[in-house]
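A.B. asks: One structure, pasted below without further comment.
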Amino acid sequence: MPEFELTSARPPLFHDADETVRAIHHGHVDAVVVIKDQEVPQVILLQGADEPYRILVEHMSEGALTCGTDGVILYVNDRAAQLTGYPAEHLVGRVIATLFEGSGPPLGVDVSLEARLWRPDNTSLPVKVRTRSISIDDSATTTLVTLTDLSIHRRAEQIAIAERFARSVLEQATEAIVVLGSEGHITHASALAEELAVQPPVGCTFSEAFPLEAQGAGQAGMLACFSAENLDRLLAAKPFHGVEVKLRSERLAKRSFLLSAGPLVDDTKACIGSIVTLTDITERKHAEEQQAMLVAELNHRVKNILAIVRSVANQTARSSASLDSFTTAFSGRLQALALAQDILTQTRWIGAGLKELLTAVLAPYRFADTRLLTLHGPAILLPASAVVPLSMAFHELTTNAVKYGALSQEDGRIDIAWRLTDADQMVELIWRERGGPKVELGNSAGWGTQLIKRVIAYDLDGVSEFDFDPLGLRCTLRFRVQDAPGSDVTSSASATQ
Amino acid sequence: MMDIDGYNLRLYVAGQTPKSIAAIANLKKICEKHLPGRYEIEVVDLIKDPAQARRHQIVAIPTLIRQLPEPLKRIIGDLSNVEKVLVGLDIRPN
């Protein structure tokens, strides 16, 4: 039995002292306390062999509880108190089941299961619970419970999943993304960022891997005032969005990028770096420029068309004997204009095939026998500038044929033939009618003929000849199909009359 | 707040020695049976805080102190003898 000293302590009442000695003598106690003046009392366990195990339990990193058969907690170590969030003295005496979500671990049996411990803030903590039943002093059975914090493992798993997710995002990203650490060095880079960088980016500063052109894209001037060092500092510290830049690299000289940066924060919202993206906007810029040009062009064309309509209206009015004849002639000419516009829209203003244009203009006039209309000549792509004037000219010829020529008779026919001349710069087209009524010269005085002469001469830099052969009209058109160098294609359908 | 006739008990233990554990379990049972709703137990682990031993001059563990109602009473041992506990602490069953 270990030595202990009763004399130095202030003795309890005599009865108590007697009781104490008797209890010790009968083995009712398993520890004694030695109290000396001015010193911290010393607890001496009478079962010395248990000491190492006691220390082990007191200090182990897993939670440990002991509870009776009724589930009342008899002992908790520090770690168990820590896991529950309550001080040990609040736990002793409580029923163990109240610590857990659900019914808690079963007692009196040896089990191992996962459960969740309630915390004072009404959250719960995932734990591994192991129970083991043991007998004490032959009379009482207690259950030893150990608790292992699973949140650390879960957290590690979540971090691993998040890491895999982030890597996958970086690998799949269609933008160049780099992650800068707090020191301003690149720690991660997407596949596209690796391609754009002038050297392997990880480990470099941003400006080393992606040197920016000081001059060039619109807003680059804003960044140009920063030295490479200051730019790196700016990227690490200040969020900004969509600054247009160019990279100082020969292979990327024609490409434009939007540079954006935002902070990278940890769980506590503390900034631990930044995320920088470079978005290639070359195609977008090109499309925007194209769109702006198209809008300007459309505006120009609308004005031209209106001028043509006004001119046609005026001329038609002058040459019309009555309102009815004006209406018929004017709507036919407007139809020819609309047809030309349709063709140009369909071909996105690239132009139209000569044969296709003739077919479209003549389509409303059914030829009972297809042999009564022949179209013969090489495939020629008319520039957009030639489509409107030629459409008008062909409309006038057709209208004339319907009124006075071949198309006014059942078996009248029209043969249209063309060829390229002058090193493919010019087209010569011959419109010949047969089978119509006898042609009289007086028919040539109509404004249709004047219009043809005018558009071929002014709009197509060509000439037109009319041979009023009594057997049928023969019209020869010579016009340019290649735009003169420097000419403005878009302004070709000018209404200069 | 303790009732005027409530029992304020303080049990001194030493970590999880068998008798300490037994004493806690036994005391809880006795109180639930004989003093339901009229008791308050404070368990003091002298392994963790040995200085507490001075307050009631504890020399053997486990020791139960009845702080209230006065006078202060003590009983030493694992409290497995219910009769002795009831008599020793002067608990009058309800």
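Chains L and V, in that order, are what the protein sequence lines are. Residues in the first sequence are numbered consecutively from 1, following this note's numbering. Residues in the second sequence are numbered consecutively from 1, following this note's numbering. Built from N, CA and C at the ideal position, the CB exists for glycine as well.
(1) Just checking: is the beta-carbon of L:Thr131 within a distance shorter than 8 Å of some beta-carbon in chain V?
(2) Verify the CB distance criterion: does L:Ala31 have a CB-CB separation below 8 Å to chain V?
(3) Within 10 Å of its beta-carbon, does L:Gly472 have 16 or more other beta-carbons around it, so buried, or fewer, so exposed?
(4) With H, G and I counted as helix, E and B as strand and the rest as coil, what does DSSP make of V:Lys48?
(5) Listing by chain order, which chain V residues have their CB less than 7 Å from the CB of L:Ala23?
(6) Identify every run of the alpha helix (DSSP H) within the stretch 407-463 of chain L, keeping only runs that are complete inside it and at least 4 residues long; order them along the chain.
(7) Could you check what DSSP says for L:Pro41 in three-state terms: helix, strand or coil?
(8) Taking the DSSP output, what are the residues bridged to L:Leu117?
(9) Hey, does V:Gly6 have any beta-carbon neighbour from chain L nearer than 8 Å?
(10) Report the rounded CA-to-CA distance for V:Ala53 versus L:Val33, giving the unit in angstroms.
(11) For the stretch 362-391 of chain L, which segments carrying the beta strand (DSSP E) assignment without a break, of at least 3 residues, lie completely within its bounds, in sequence order?
(12) From the DSSP output, in three-state form, read off V:Pro18 for me.
(13) Going by the beta-carbon positions, is the gap between L:Ile414 and L:Trp431 smaller than 8 Å?
(14) Between which two residues does the beta strand (DSSP E) containing V:Asp5 stretch?
(15) How is the alpha helix (DSSP H) around L:Arg248 delimited, first residue to last?
(16) I believe L:Val92 touches L:Gly71 by the beta-carbon criterion, under 8 Å. Please report the beta-carbon distance rounded to the nearest angstrom.
(17) How would you call V:Ile30, buried or exposed, if buried means at least 16 neighbouring beta carbons within 10 angstroms?
(18) Spatial neighbours of L:Arg233 within its chain, please: C-beta separation below 8 Å, excluding the five flanking residues on both sides.
(19) Which of helix, strand or coil does DSSP assign to L:Leu65?
(20) Determine the chain L residues that contact V:Arg54 at a beta-carbon separation under 8 Å, and present them in chain order.
(21) Starting from V:Gln67, trace the beta strand (DSSP E) both ways and give me its first and last residue.
(22) Measuring CA to CA, which of V:Glu83, V:Val87, V:Pro36 is closest to V:Lys73?
(23) Along the chain, where does the beta strand (DSSP E) that runs through L:Ala176 open and close?
(24) Using a Cβ-Cβ cut-off of 8 Å, state whether V:Glu70 counts as contacting chain L.
(25) Identify the contact partners of L:Gly93 in chain V, using a Cβ-Cβ distance below 8 Å as the criterion.
(26) Using a Cβ-Cβ distance cut-off of 8 Å, determine whether L:His517 contacts chain V.
(27) For L:Thr66, would you say it is in contact with chain V, using Cβ-to-Cβ distances shorter than 8 Å as the test?
(28) So which residues on chain V does L:Thr187 lean against when the C-beta distance must stay under 8 Å?
(29) Check each candidate in L:Ala189, L:Thr268, L:Gln158 and name the one with the smallest Cα separation from L:Gln172.
(30) L:Leu451 and L:Phe479 - do their beta-carbons sit closer together than 8 Å?
(31) Name the two residues that bound the continuous beta strand (DSSP E) containing L:Val276.
(32) Using a Cβ-Cβ cutoff of less than 6 Å, which residues in the same chain neighbour L:Asn443 once the five nearest sequence positions on both sides are dropped?
(33) With 8 Å as the threshold, decide whether the Cβ of V:Gln16 is near any Cβ in chain L.
(34) Under 8 Å Cβ to Cβ from L:Gln83, same chain only, skipping five residues before and after it: list those, please.
(35) Since V:Lys73 sits in a beta bridge, which residues does DSSP pair it with?
(36) With a threshold of 8 Å between beta carbons, is V:Pro50 in contact with chain L?
C.D. replies: With the structure as the only source:
(1) Position 131 of the first sequence holds residue 131 of chain L. For L:Thr131, the answer is no, since every Cβ of chain V falls outside 8 Å of its Cβ.
(2) As a first step, residue 31 of chain L is located in the first sequence; it is residue number 31 there, counting from the start. So, interface residue.
(3) Translated into the one-based positions of the first sequence, residue 472 of chain L becomes position 472. Counting Cβ neighbours within 10 Å, L:Gly472 comes out buried, since at least 16 surround it.
(4) Taking the first residue of the second sequence as 1, we reach residue 48 of chain V at position 48. Three-state result, V:Lys48: coil.
(5) Locating residue 23 of chain L in the first sequence gives position 23, counting from the first residue. Residues of chain V passing the Cβ test: Ala60, Ile76, Gly77.
(6) 447-458
(7) As a first step, residue 41 of chain L is located in the first sequence; it is residue number 41 there, counting from the start. It is coil, neither helix nor strand.
(8) By 1-based counting over the first sequence, the position of residue 117 of chain L is 117. L:Leu117 is bridged to L:Phe100, L:Leu125.
(9) By 1-based counting over the second sequence, the position of residue 6 of chain V is 6. No, V:Gly6 does not count as interfacial toward chain L.
(10) Taking the second sequence and counting its residues from 1, the one referred to as residue 53 of chain V is at position 53. Taking the first sequence and counting its residues from 1, the one referred to as residue 33 of chain L is at position 33. C-alpha separation (whole angstroms): 7 Å.
(11) 373-376, 381-383
(12) Translated into the one-based positions of the second sequence, residue 18 of chain V becomes position 18. In this structure, V:Pro18 counts as helix in the three-state DSSP scheme.
(13) Indexing the first sequence from 1 puts residue 414 of chain L at position 414. Indexing the first sequence from 1 puts residue 431 of chain L at position 431. It is a contact, given that the beta carbons lie within the stated cut-off.
(14) On the second sequence, position 5 is the one that residue 5 of chain V refers to. Where V:Asp5 is concerned, there is no enclosing beta strand (DSSP E), given that its DSSP letter is neither H nor E.
(15) Here residue 248 of chain L corresponds to residue number 248 of the first sequence, with the count starting at 1. It is not in any alpha helix (DSSP H) - L:Arg248 carries neither H nor E in the DSSP assignment.
(16) Locating residue 92 of chain L in the first sequence gives position 92, counting from the first residue. Locating residue 71 of chain L in the first sequence gives position 71, counting from the first residue. Their Cβ separation, rounded to whole angstroms, is 13 Å, which puts L:Val92 and L:Gly71 out of contact at 8 Å.
(17) Your numbering for residue 30 of chain V matches position 30 in the second sequence. Buried.
(18) Start at 1 with the first residue of the first sequence, and residue 233 of chain L comes out as number 233. Within the same chain, L:Arg233 has close Cβ partners Gly184.
(19) Mapped onto the first sequence, residue 65 of chain L falls at position 65. Looking at L:Leu65 - three-state DSSP - the assignment turns out to be strand.
(20) Counted from its first residue, the second sequence places residue 54 of chain V at position 54. Simply Ile35, Pro41.
(21) As a position in the second sequence, residue 67 of chain V is number 67, starting the count at 1. 63-68 is the span of the beta strand (DSSP E), which, as asked, contains V:Gln67.
(22) For this step, residue 73 of chain V is matched to residue 73 along the second sequence. Of V:Glu83, V:Val87, V:Pro36, the residue nearest in Cα terms is V:Val87.
(23) Residue 176 of chain L sits at position 176 when you count from the first residue of the first sequence. From DSSP, the beta strand (DSSP E) with L:Ala176 extends over 176-181.
(24) As a first step, residue 70 of chain V is located in the second sequence; it is residue number 70 there, counting from the start. No - not a single Cβ of chain L is within 8 Å of the one on V:Glu70.
(25) Against the first sequence, residue 93 of chain L aligns to sequence position 93. Neighbours of L:Gly93 on chain V, chain order: Ile24, Lys28, Ile41, Val43.
(26) Chain L is shown only over 1 to 497; residue 517 of chain L falls outside these bounds and no answer can be derived.
(27) Taking the first sequence and counting its residues from 1, the one referred to as residue 66 of chain L is at position 66. At least one chain V Cβ lies under 8 Å of L:Thr66.
(28) Counted from its first residue, the first sequence places residue 187 of chain L at position 187. What L:Thr187 touches in chain V: nothing, since even the nearest Cβ is about 46 Å away.
(29) Mapped onto the first sequence, residue 172 of chain L falls at position 172. Nearest C-alpha to L:Gln172: L:Ala189.
(30) Here residue 479 of chain L corresponds to residue number 479 of the first sequence, with the count starting at 1. Here residue 451 of chain L corresponds to residue number 451 of the first sequence, with the count starting at 1. Their beta carbons are not under 8 Å apart, which means L:Phe479 does not touch L:Leu451 by this criterion.
(31) Here residue 276 of chain L refers to the residue found at position 276 of the first sequence. Where L:Val276 is concerned, the enclosing beta strand (DSSP E) stretches over 271-280.
(32) Residue mapping note: residue 443 of chain L aligns to position 443 of the first sequence, counting from 1. Its pLDDT being 49, under 50, L:Asn443 is placed unreliably by the model, and nothing is read from it.
(33) Counted from its first residue, the second sequence places residue 16 of chain V at position 16. For V:Gln16, the answer is yes, since a Cβ of chain L falls inside 8 Å of its Cβ.
(34) As a first step, residue 83 of chain L must be located in the first sequence, where it is residue number 83. Sequence inspection shows Leu at residue 83 of chain L; the Gln mentioned does not correspond to that position. Within the same chain, L:Leu83 has close Cβ partners Gly63, Leu117, Leu125, Val127, Leu147, Asp149.
(35) Here the question's residue 73 of chain V lines up with position 73 in the second sequence. Partner(s): V:Arg66.
(36) Locating residue 50 of chain V in the second sequence gives position 50, where the first residue counts as 1. So yes, V:Pro50 belongs to the interface.
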